Amino acid sequence: MKALKSLLLILLLLPLTAFAKAPLVFMTDFGVRDGAVSAMKGVAYGISPDLLISDLSHEITGIFDGAYRLYQTEEFWPRSTVFVTVIDPGVGTSRQSVVLRTRNGQYFVGPNNGLYTLVAEREGIDELRLIDEKVNRRPGSAGSYTFHGRDVFAYTAAKLASGQITFEQVGPRLPNSDLISIPYRHAERQGDVITGGIPVLDVAYGNVWSNIPQSMFDELKVRVGEPLNVRIYNGTKLVHEERIPYQHTFGNVPVGQPLIYVNSLMNIAIALNQGNYAVAHGIESGGECWMEIQKSK
Amino acid sequence: MKALKSLLLILLLLPLTAFAKAPLVFMTDFGVRDGAVSAMKGVAYGISPDLLISDLSHEITGIFDGAYRLYQTEEFWPRSTVFVTVIDPGVGTSRQSVVLRTRNGQYFVGPNNGLYTLVAEREGIDELRLIDEKVNRRPGSAGSYTFHGRDVFAYTAAKLASGQITFEQVGPRLPNSDLISIPYRHAERQGDVITGGIPVLDVAYGNVWSNIPQSMFDELKVRVGEPLNVRIYNGTKLVHEERIPYQHTFGNVPVGQPLIYVNSLMNIAIALNQGNYAVAHGIESGGECWMEIQKSK
Amino acid sequence: MKALKSLLLILLLLPLTAFAKAPLVFMTDFGVRDGAVSAMKGVAYGISPDLLISDLSHEITGIFDGAYRLYQTEEFWPRSTVFVTVIDPGVGTSRQSVVLRTRNGQYFVGPNNGLYTLVAEREGIDELRLIDEKVNRRPGSAGSYTFHGRDVFAYTAAKLASGQITFEQVGPRLPNSDLISIPYRHAERQGDVITGGIPVLDVAYGNVWSNIPQSMFDELKVRVGEPLNVRIYNGTKLVHEERIPYQHTFGNVPVGQPLIYVNSLMNIAIALNQGNYAVAHGIESGGECWMEIQKSK
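Protein sequence lines, in the order shown, are assigned to chains A, B and C.
Per our numbering, the very first residue in the first sequence carries number 1; after that it's consecutive.
Per our numbering, the very first residue in the second sequence carries number 1001; after that it's consecutive.
Per our numbering, the very first residue in the third sequence carries number 2001; after that it's consecutive.
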């Protein structure tokens, strides 16, 4: 009967073991025309063939774009997801290799170069650790100077996601203030005027996404259908100015007409119904780009 | 011994449980430069980390293209596969959110806008259900007006694929006749002449794919190597006219020469051996495009 | 107690069974705009829903590019990984359908057209087998003349990766010398001059990758920071000539300046720090392209 009890215990623990694995999500600027991404995945599956591996994007255009794509995505993944992020123009310099754990329990493995600016701000920093590259490095890779993505980041992340190392075993803790952040324009309301940054475009459609939250916009008490004055700037240069109505859905304006709406991140955005607003008016995104929305008196 | 029998039963059921999951296949027009597809997958894995998730394409160019890509693909997937299809230019209008089950047991989750035209015609409609968005919606997403793909379609599809809801729990049944279909030219034979639509191009190579089935073509009793008169139209405009031989394989014509052949869907197609027929002759695809094949007397 | 022992045996074998599956990695030139890749995956999952399926790339530009991407990737995957490779311009001709097992235990399923040139040379040929297409072919696919990728290669590879057939059951053994290889320029040192081929570019960044191994380069006893004479040729035509320093990391040269470095495959490469060397100087890759590196006296 003792053996039977052990059996029952094993049976109970089996599914737990299976579920203990955390998803491993890759984000890079490598594209998918060569074998770099696949080599990283091979290293990860070599650590555990049971890993759940998924791609965020391999077409990231820069550090701020990457920061925003993490911000757009991470909260929809289960807790303890491990994001491997290799947008690393400073590879080979003294930039640090780190793992960040945010307060909502997600892990971010990559260079300390600003990629985690937005997730750290929204979720809060739980702990930041420096990867000990003497220990957490693919065996036999010491002679390779350049492919941190495969030999350090994918390797360490797979160890972490599969539970083969703890977060503490990544390496020594760093002060939270060591996390590099990129400055950008935050959303702000002054009376009837709201300003906010344009961190990215919704690239597939050309919609212009601000970082103005719906909750701040609601303070203007705008009625559905009410037109607002919109000015879009690049630095100090006015790029476009237009009166645009606020609508719940694209279908409520004619094809080819603009609307202000709440996007999938619950932020204010501007679009043309079945058109490309950014191309139509030459709008770009990034740290220097911002918009002003004014309610008419 | 009773406990032992229970154990044996559990052991027998364990693999069944593991195999009960249905594949979840995503098709969108989002591209993969931002985080939208990954957010959908995160929601799905949040429902069950054991889901088998795969991508059909995220580069779909329109509703008819999407309809054809489903038609090209679904029959090769195991029964009960759940396809999440987000090509949704009418999002936010009164278009319905539905789940279609075809008679071969596949599920299609998405907007009722014509995307299922071709699979419904080939496989037959088993049941059509309206998604009850009050119940089948990601918790906390009620304030978001626009991302049905993530909050309704991916969420409902993951519930269905993981067996957490039945098809009946999707929502109320609709009459089969409520399924939206897009009109297009069907294949037809009159004597020695066959006409048929050009739903898509084989984009990677520029081959021109018709919807003329091999079985209809066989009625012309064409010999291998026999040249046929081919006319290609866009609406009423003749785009190209050429005599082209019928061959079993590309290798049977010289490099750069055209052939009529049976494509991987067992339909008639036209290609240049190691060339791009569509670019060479300005051929397009879609509901308006068609071809005529005539056997010489 | 006998039943109990059987149970314990089953429990011990269960995880082994789960781990016995080999990864299945797809590489094609199909792109991902249509359903061809997904149809192949559907066929594979139909054979076993427990397969671990991953993508190497579907943007391969030719046979030599494919050969190099396999070379760049396969060694980082666990032993017994099955690579399905469909870059097949000669489909339909008499080219053979084969499975290669290299001495390091990897499997390569595809056309015998040179795709395995570089992995066979590095890893060694263990056994080459001709696919018996009468047996190893998707049931019901005999009438389709063209989609070997789905009906023969994906089908056979999934059978092999899931353990449903042995390597021997693929078909009859061929002499190792039957494997087709593509000629290209090997790395060679004569005194202070090393020449080597440029098989591919690091496409995302425009870095120029040679096949000169670090070990051969080390024989020149170059100091870090020492400039070398570099000449880049296409056939007999000199495309570019420049003095370039050897550095361990990109960060050790100013932005926009060139460096010679050791890439992630431990071969010599040339790059511009945060620039595109290939575009800047019109460098191409392939069997005809090569470079000469000379140490100054």
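We put the beta carbon where it would ideally sit given N, CA and C, even for glycine.
Note that this is a predicted model, so its numbers are computed, not measured.
- Boundaries of the beta strand (DSSP E) around residue 1291 of chain B: 1286-1294.
- In its chain, beyond the 5 residues on either side, 1064 have a beta carbon closer than 7 Å to the beta carbon of residue 1286 of chain B.
- Scanning chain A for C-beta atoms nearer than 7 Å to the C-beta of residue 2059 of chain C yields 32, 33, reported in chain order.
- Proximity of residue 46 of chain A to chain C, defined by a Cβ-Cβ separation below 8 Å, is satisfied.
- Following the DSSP letters along the chain, one finds residue 2073 of chain C inside the alpha helix (DSSP H) bounded by residues 2063-2073.
- Approximately 4 Å separates the beta-carbon atoms of residue 154 of chain A and residue 40 of chain A; this is inside 8 Å, confirming the contact.
- Exposure of residue 1190 of chain B is indicated by the presence of fewer than 16 other C-beta atoms within 10 angstroms of its C-beta.
- Residue environment analysis places residue 1092 of chain B among the buried positions, since at least 16 neighbouring C-beta atoms fall within 10 angstroms of its C-beta.
- Residue 1122 of chain B is a Cβ neighbour of residue 1071 of chain B, given a cutoff of 8 Å.
- Along the region 272-283 of chain A, the positions whose C-beta sits under 8 Å from a C-beta of chain B are 274, read in chain order.
- Exclusion of the five residues before and after residue 2206 of chain C leaves 2276, 2277, 2278, 2279 as the residues of its chain whose Cβ lies within less than 6 Å of its Cβ.
- Residues of the region 1079-1094 of chain B with a C-beta less than 8 Å from any C-beta of chain A: 1089, 1090, 1091, 1092, 1093, 1094, listed in chain order.
- Under a 10 Å Cβ-count criterion, residue 2196 of chain C is classified as buried, with 16 or more other Cβ atoms of the shown protein chains found around its own Cβ.
- Near chain C, meaning a CB-to-CB distance below 7 Å, no residue of the region 1102-1129 of chain B qualifies.
- Inter-segment contact for the region 40-50 of chain A and the region 1049-1069 of chain B is absent: fewer than three beta-carbon pairs are separated by less than 8 Å.
- For a Cβ distance threshold of 7 Å, residue set 1054 of chain B lies close to residue 2041 of chain C, ordered along the chain.
- Counting every other CB atom within 10 Å of its CB across the protein chains shown gives residue 1168 of chain B a total below 16, marking it as exposed.
- The Cβ of residue 217 of chain A sits no closer than 8 Å to any Cβ of chain B.
- Taking the CA atoms as reference points, residue 1142 of chain B sits about 23 Å from residue 1166 of chain B.
- Remark: C-beta atoms of residue 1270 of chain B and residue 1258 of chain B approach each other more closely than 8 Å.
- Residue 2281 of chain C sits in a helix when the DSSP states are folded into three classes.
- CA-CA distance, residue 1228 of chain B to residue 1202 of chain B, rounds to 21 Å.
- At least 8 Å separates the CB of residue 1065 of chain B from every CB of chain A.
- By the 16-neighbour rule on beta-carbons within 10 angstroms, residue 176 of chain A is exposed.
- As the crow flies, the alpha-carbon of residue 2076 of chain C is around 20 Å from that of residue 2162 of chain C.
- Linking residue 2214 of chain C to residue 2242 of chain C through their CA atoms gives a straight-line distance of about 20 Å.
- Here residue 1058 of chain B is near residue 1031 of chain B, since their CB atoms are less than 8 Å apart.
- Residue 153 of chain A has a beta carbon lying at 8 Å or more from every beta carbon in chain B.
- About 6 Å separates the beta carbon of residue 1156 of chain B from that of residue 1131 of chain B, a gap short enough to meet the 8 Å contact definition.
- Every unbroken stretch of the alpha helix (DSSP H) spanning 4 or more residues and falling wholly within the region 2144-2229 of chain C is given here in chain order: 2155-2161, 2214-2218.
- Here residue 237 of chain A is exposed. Its C-beta has fewer than 16 other C-beta atoms within 10 Å.
- With at least 16 other beta carbons inside 10 angstroms of its own, residue 2138 of chain C counts as buried.
- Taking 8 Å as the CB threshold, residue 1038 of chain B lines the interface with chain A.
- Straight across, the Cα-Cα distance linking residue 198 of chain A with residue 84 of chain A is about 25 Å.
- Here the alpha carbons of residue 1171 of chain B and residue 247 of chain A stand approximately 28 Å from one another.
- Between residue 1180 of chain B and the set B/1029, B/1240, B/1113, the nearest pair of CA atoms involves B/1113.
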